[in-house]
Amino acid sequence: MKKTILILALTIPLAAGIIFTGYRSSSVQRQKAARTAMLFPGQDLKAEQKLAKTIAVKAINTEEWITFKNESELKIRNNEIRIAELHKEITNQGELSEALYKKKVAYLDQQNKIMKARLESYEKGPSNWESFKYGFNNDMDAIGKALKNFTVE
95 MKKTILILAL TIPLAAGIIF TGYRSSSVQR QKAARTAMLF PGQDLKAEQK LAKTIAVKAI
155 NTEEWITFKN ESELKIRNNE IRIAELHKEI TNQGELSEAL YKKKVAYLDQ QNKIMKARLE
215 SYEKGPSNWE SFKYGFNNDM DAIGKALKNF TVE
């Protein structure tokens with residue numbers, strides 16, 4: 095009986111001390127943060143200005159994105175038209191060249207579909223705009239050149 099009373103007498107103040115210091119440290123942290131905000135009020139202003147610039151950049155990127163998307167969709171449609179023309183030309187040619195050219199046209203068609211999917215996936219989850227734009231334009235130019243240089247003999 096004496097041991098339990100002794101244990102309770104020691105643990106209750108110990109637990110109260112732990113709880114009290116936990117509450118006290120959080121209030122001290124809040125006071126330090128308030129003092130810092132009072133001493134350096136320009137930091138909040140800088141954060142607001144940075145946020146305003148970010149919003150402005152997003153608005154510019156939105157306009158740029160719309161024009162980029164429209165131009166890219168036009169290029170993709172033109173590629174699809176050219177691929178359809180190549181399919182017609184290949185079927186008019188002999189069987190010997192047909193197998194070889196069909197593979198090349200199928201590959202270009204697949205690449206065009208991949209570019210269309212990349213354009214749609216970027217719209218759903220934007221990432222780094224500049225790197226996407228650069229890579230997308232390079233890939234679209236490569237497909238365009240391949241279609242332009244593609245000849246059926």
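Residues 95 to 247 (the numbering used here) make up the sequence shown, in order. Beta carbons: idealized from backbone N, C-alpha and C, even for Gly.
In the DSSP assignment, residue 243 falls within the unbroken alpha helix (DSSP H) covering 223 to 243.
DSSP places residue 187 in the coil class of the three-state scheme, outside both helix and strand. Assignment of residue 95 by DSSP, reduced to helix, strand and coil, places it in the coil class. Distance from the Cα of residue 167 is smallest, within the candidate group 104, 194 and 207, for 207. Around the beta carbon of residue 243, a 10 Å sphere encloses fewer than 16 other beta carbons of the protein chains shown; the residue is thus reported as exposed. Under the criterion of beta carbons closer than 8 Å, residue 177 and residue 202 qualify as touching, at roughly 6 Å. Check the Cα spacing between residue 209 and each of 182, 183 and 237: the tightest is with 237.
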